[in-house]
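The structure under discussion appears below in the form of structure tokens.
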Amino acid sequence: MTVSSPPPTLRAWLLDEAPASRRQAWCGRAFRGWLHFRRNPLAVTGLAIIVTLLLVALIGPWLAPHSPYAQDLSMRLVPPGTEGYLLGTDELGRDILSRLLYGARITLTIVILVAIIVAPVGLVVGTVSGYFGGWVDTVLMRITDVFLAFPRLILALALVAALGPGIENAVIAIAITTWPPYARMARAETLTIRRSDFIAAARLQGASSLRIIVRQVAPLCTSSVIVRVTLDMAGIILTAAGLGFLGLGAQPPSPEWGAMVASGRKFMLDQWWVATVPGVAIFVVSLGFNLLGDGLRDVLDPKSGN
Amino acid sequence: MTPDSKPEAQIPAPQIPGTGGRRRGALTATPQWAASGLRLLISVAVTFLGLLAVTFFIGRVVPIDPVLAAVGDRASADTYERMREELGLNLPLWQQFGHYVWNAVRGDFGTSVLTSNPVLTDVRRVFPATLELATVATIIGIIVGIPAGVIAAVRRGTWIDHVIRVIGLMGYSVPVFWLGLMGLLILYAKLDLVAGPGRIDLYYEGLVPTYTGVILLDSAIAGEWDVFRNAVSHIVLPASILGYFSLAYISRMTRSFMLEQLRQEYITTARVKGLPERTVIWRHALGNAWVPLVTVIALSYGTLLEGSVLTEIVFSWPGLGFYITNSLLNADMNAVLGGTVVVGCVFIGLNLLSDLLYRKLDPRAR
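So the sequence lines, in the order shown, correspond to chains B and X. When the count follows our numbering, it moves up by one through the first sequence with no breaks and lands on 306 for the last residue. When the count follows our numbering, it moves up by one through the second sequence with no breaks and lands on 1366 for the last residue.
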């Protein structure tokens, strides 16, 4: 039996059982994850939806046939399929398709802003709480519990009422209501690893607590945080849209999807498309995030089975 | 009942009454029980204080001047100052907070500017409507969600599992206010299968005396079946839409709990003994999966109580969410914050309840 040397393809390099470098090992693991992920058609659908959203947010303004703010009262409430107005127009004669395309940016902005506030805050609170334990843990977890005790939408409502309506305040309100589960999760993960030998080794080498938390503990918590962020995206979008629907999120004439549903509510019976179309957009995008998050969880979290 | 596969089998002996062992056990157990009870009580109290601190803080941040709201903008500086003192706003912050907590404990959240009733009276009036909606929705969620979760777990990896999974994910993804509007458009306006917004038709209003505030119960007690039927046709759509969300959550959790149970050895034992598969799944496995499920159901019930805000708006359902939002749009902060605290308390209460139920049902958690 002769040992044939592996063909020098990228695939073989990635799937090498004995990686020669740390980089190769890392790439190989990511590639295996991707192969696993690719087998799940639902997750791939989710990924496709999210990629489409990203593209639309990026190049939407060039795709849009009209300005999202351009009013044309002679063309108001035109049904979908009318020449030049693929998805019809709203009560001010604005093209719904164009508003939808511009609205993708708003949705994406909200989601990204909330994620980059919430994930680090939750990670810091959770790892610090879990690593130090004792009274630090007690105090931080009590605070977390207080925010968990608040119903999310109602706290967001009260906060927006205090801060005033608008996208920035909606983002702050949603972030304040979203971080506690991240802290809980990061703490739980930290508790399972803080007694490990490699942490003790780092400590014996004289690493400071800050260094251990940042370099050793936090990286191990990130994969569950990423899954959680993806799964939470849908909730964030729905909360933002809900605030918009109530008139407390993005303010008119901004083409935010929730606010568009609200403005279409008045014409529901005769001009169904004004409220239906943006609602479908919210639904599809949050479904995309849910499908993607579900697939990512299977790949990144071996504990969940499959 | 097969003792070898039931959780009762895991309970250590002390069930025989009158034996010395039990009494000694009870005596040594008491301080521990009291300690954990005390710890629970303290944690609830701290959470409640935190809740009040947050609403107090929000109340301070609000750009609405409560004095101005009370006296009007044409009042003299003198009147303004007197009102300020009367409202206690001249005191240091920590004293104001002390007053706030003291009042909240006594159930005094101030007066709603909009209805000029005490906030608690208003909340008491609107709460049964929310309770009714959330309860019916949770019942729908349980009746559909648990069997769906069990079937998904048993038929894991087949197309049924995938279909249930996708339906569940859709329940998480759909904007509830939009689904409500679509439901109204199709089922009410176009097909006329259900009644429209509101709890009951106008001409049925006030026909039944209020016992509980829950129309379904009140009309049943009064024997007014016409009213009952009308109320049912009003609640079906909003409750189904809310129930869809709860169904998605419950079926997902049921699936994962069932998968965990089906891996256990006692399931194999039961099968080897020749018990019918139906008994194994629905009696033995589900019987044990119930314990964590109770917690899940309690939590989803709490979420529905608050998640109904948007549903209530769409269906003009005169409940707590409708009340809070309406007050908010009219800058009535007392009502908003009072309502928020009440919902928060219900939330804490449900969490506590699910915790206690879990301890009661799962002998290992004692």
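C-beta: ideal position from N, C-alpha, C; glycine also.
Straight-line Cα distance separating residue j from residue i
i                  : j                  : result
Arg184 of chain B  : Tyr1204 of chain X : 49 Å
Gly1107 of chain X : Ala1045 of chain X : 15 Å
Ser1354 of chain X : Ser1300 of chain X : 11 Å
Thr1130 of chain X : Ile143 of chain B  : 28 Å
Trp1225 of chain X : Pro1318 of chain X : 22 Å
Ala259 of chain B  : Asn1334 of chain X : 26 Å
Gly1025 of chain X : Ile1281 of chain X : Its pLDDT being 44, under 50, Gly1025 of chain X is placed unreliably in this model, and the coordinates cannot settle the point.
Leu1049 of chain X : Ala186 of chain B  : 25 Å
Arg99 of chain B   : Pro255 of chain B  : 5 Å
Ala1270 of chain X : Thr1279 of chain X : 9 Å
Leu28 of chain B   : Gly1287 of chain X : The sequence shown places Gly at residue 28 of chain B, rather than the Leu named in the question. Whole-angstrom Cα-Cα distance: 43 Å.
Ala1152 of chain X : His1162 of chain X : 8 Å
Leu1027 of chain X : Leu1040 of chain X : Caution is warranted here: a pLDDT of 48 is assigned to Leu1027 of chain X, below 50, making its placement in the model unreliable, and the coordinate value is therefore given only provisionally. For Leu1027 of chain X and Leu1040 of chain X, the distance between alpha carbons rounds to 20 Å.
Phe132 of chain B  : Ala241 of chain B  : 39 Å
Tyr1211 of chain X : Asp1218 of chain X : 6 Å
Leu1191 of chain X : Gln1096 of chain X : 56 Å
Cys1345 of chain X : Ala149 of chain B  : 8 Å
Ser1101 of chain X : Arg1156 of chain X : Reading the sequence as shown, one finds Val at residue 1101 of chain X and not Ser. About 51 Å.
Ala325 of chain B  : Arg203 of chain B  : Residue 325 of chain B cannot be examined here, being either before or after the span of chain B that is shown, 1 to 306.
Thr1142 of chain X : Leu248 of chain B  : According to the sequence as given, residue 1142 of chain X is Ile; it is not Thr. One C-alpha to the other measures close to 33 Å.
Thr127 of chain B  : Leu1185 of chain X : 49 Å
Val1067 of chain X : Val118 of chain B  : 36 Å
Asp1122 of chain X : Ser1116 of chain X : 9 Å
Residue i (DSSP reduced to helix, strand or coil)
i                  : result
Asp95 of chain B   : strand
Thr1419 of chain X : Because residue 1419 of chain X is not part of the residues shown, which for chain X are 1001 to 1366, the question remains open.
Thr89 of chain B   : strand
Thr9 of chain B    : coil
Pro253 of chain B  : coil
His1284 of chain X : helix
Ile1200 of chain X : coil
Ala20 of chain B   : coil
Met1253 of chain X : helix
Arg1039 of chain X : helix
Gly1302 of chain X : helix
Asp1065 of chain X : coil
Ala1026 of chain X : Residue confidence is low: Ala1026 of chain X scores 45 on pLDDT, short of 50, so the model does not pin down where it sits. Its coordinate-derived value is still stated next. Helix.
Lys1190 of chain X : helix
Asn1230 of chain X : helix
Gly1141 of chain X : helix
Pro1318 of chain X : coil
Glu1264 of chain X : Checking the sequence shown, residue 1264 of chain X turns out to be Gln, not Glu. Of the three classes helix, strand and coil, the one that applies to Gln1264 of chain X here is coil, per DSSP.
Val114 of chain B  : helix
Asp1073 of chain X : coil
Tyr1172 of chain X : helix
Gly133 of chain B  : coil
Pro219 of chain B  : helix
His1162 of chain X : helix
Identity of the residues DSSP links to residue i by a beta bridge
i                  : result
Pro1118 of chain X : X:Thr1111
Thr82 of chain B   : B:Tyr85
The ligand FMN heavy atom lying under 7 Å from the CB of residue i
i                  : result
Leu1337 of chain X : Looking at this structure, you won't find the ligand FMN or any other ligand, since it has none at all.
Discussion item. Pairs of beta-carbons, one from the region 1238-1252 of chain X and one from the region 1136-1145 of chain X, closer than 8 Å: are there three or more?
Written reply: By the C-beta criterion, the region 1238-1252 of chain X is judged to be in contact with the region 1136-1145 of chain X, since at least 3 inter-stretch pairs fall below 8 Å.
Worksheet item: Listed from N- to C-terminal order along the chain, which residues in the region 1328-1342 of chain X have their beta-carbon within a distance smaller than 9 Å of any beta-carbon of chain B?
Response: Among the residues of the region 1328-1342 of chain X, those with a Cβ less than 9 Å away from any Cβ of chain B are Leu1328, Leu1329, Ala1331, Met1333, Val1336, Leu1337, Gly1339, Thr1340, in the order of the chain.
Discussion item. Is it the case that the region 231-246 of chain B contacts the region 278-292 of chain B, given that we only count it when at least three CB pairs across the two stretches are under 8 Å?
Written reply: Segments in contact, yes.
Worksheet item: Any chance the region 194-204 of chain B sits against the region 151-166 of chain B, with 3 or more Cβ pairs inside 8 Å?
Response: Fewer than three beta-carbon pairs drawn from the region 194-204 of chain B and the region 151-166 of chain B are found closer than 8 Å, and the two stretches are therefore not classed as touching.
Fill in: Positions along the region 258-283 of chain B whose CB lies within less than 9 Å of some CB in chain X
Within the region 258-283 of chain B, the qualifying residues are Gly258, Val261, Ala262, Gly264, Arg265, Met268, Leu269, Trp272, Ala275, Thr276, Pro278, Gly279, Val280, Ile282, Phe283.
Worksheet item: Using Cβ-Cβ distances below 9 Å, what residues of the region 1119-1139 of chain X are close to chain B?
Response: If the cut-off is 9 Å between Cβ atoms, the region 1119-1139 of chain X has nothing near chain B.
Item to complete: Check each residue of the region 145-158 of chain B: if its Cβ is closer than 9 Å to any Cβ of chain X, include it; give the result in chain order.
Response: Using a CB distance below 9 Å, the part of the region 145-158 of chain B facing chain X consists of Asp145, Val146, Phe147, Leu148, Ala149, Phe150, Pro151, Arg152, Leu153, Ile154, Leu155, Leu157, Ala158, ordered along the chain.
Discussion item. Three Cβ pairs or more, each shorter than 8 Å: is that satisfied between the region 55-71 of chain B and the region 92-112 of chain B?
Written reply: Contact between the region 55-71 of chain B and the region 92-112 of chain B is present, because at least three Cβ pairs lie under 8 Å.
Item to complete: May I ask you to list, following chain order, the residues of the region 1071-1087 of chain X that have a beta carbon less than 8 Å from some beta carbon of chain B?
Response: Among the residues of the region 1071-1087 of chain X, none has a Cβ less than 8 Å away from any Cβ of chain B.
Worksheet item: the region 121-142 of chain B: which residues have C-beta closer than 9 Å to a C-beta of chain X, in chain order?
Response: For the region 121-142 of chain B, the residues whose beta carbon sits under 9 Å from a beta carbon of chain X are, in order, Arg142.
Practice prompt. Report yes or no: do the region 167-187 of chain B and the region 207-214 of chain B share at least 3 C-beta pairs separated by less than 8 Å?
Written response: Contact between the region 167-187 of chain B and the region 207-214 of chain B is absent, with fewer than three C-beta pairs closer than 8 Å.
Worksheet item: Just by C-beta distance, which residues in the region 237-259 of chain B are closer than 9 Å to chain X?
Response: Residues of the region 237-259 of chain B with a C-beta less than 9 Å from any C-beta of chain X: Ile237, Leu238, Ala241, Gly242, Phe245, Leu246, Gly247, Leu248, Trp257, Gly258, listed in chain order.
Worksheet entry | Sufficient close CB pairs (3 or more, under 8 Å) joining the region 1291-1305 of chain X to the region 1338-1355 of chain X | Yes, the region 1291-1305 of chain X is in contact with the region 1338-1355 of chain X.
Fill in: Contact the region 224-233 of chain B vs the region 100-120 of chain B: 3+ CB pairs below 8 Å
These segments touch.
Discussion item. Tell me which residues of the region 169-202 of chain B have at least one Cβ-Cβ distance to chain X shorter than 8 Å, keeping chain order.
Written reply: Along the region 169-202 of chain B, none of the residues has a CB nearer than 8 Å to a CB of chain X.
Item to complete: Select from the region 26-42 of chain B all residues with a C-beta closer than 8 Å to any C-beta belonging to chain X, and list them in chain order.
Response: When CB distances to chain X are screened at a threshold of 8 Å, the residues of the region 26-42 of chain B falling below it are Leu42, in chain order.
Worksheet item: Does the region 55-63 of chain B come close enough to the region 100-109 of chain B to have 3 or more Cβ pairs within less than 8 Å?
Response: Yes, the region 55-63 of chain B is in contact with the region 100-109 of chain B.
Item to complete: Could you name the residues of the region 289-300 of chain B whose beta carbon sits closer than 7 Å to any beta carbon of chain X, in the order they occur along the chain?
Response: Residues Asn290, Leu291, Asp294.
Discussion item. Quick test of the definition: if touching needs 3 or more C-beta pairs under 8 Å, does the region 22-40 of chain B touch the region 259-277 of chain B?
Written reply: No contact exists between the region 22-40 of chain B and the region 259-277 of chain B.
Discussion item. Tell me whether the region 1106-1124 of chain X and the region 1324-1342 of chain X touch, counting them as touching only if at least three CB pairs, one residue from each stretch, are closer than 8 Å.
Written reply: With the cut-off at 8 Å, the region 1106-1124 of chain X and the region 1324-1342 of chain X touch.
Worksheet item: Is the number of C-beta pairs between the region 49-57 of chain B and the region 74-85 of chain B that are closer than 8 Å three or more?
Response: The region 74-85 of chain B and the region 49-57 of chain B do not touch, with fewer than three beta-carbon pairs separated by less than 8 Å.
Practice prompt. May I ask you to list, following chain order, the residues of the region 1170-1187 of chain X that have a beta carbon less than 9 Å from some beta carbon of chain B?
Written response: Answer set for the region 1170-1187 of chain X: Met1170, Tyr1172, Ser1173, Val1174, Pro1175, Val1176, Phe1177, Trp1178, Leu1179, Leu1181, Met1182, Leu1184, Leu1185.
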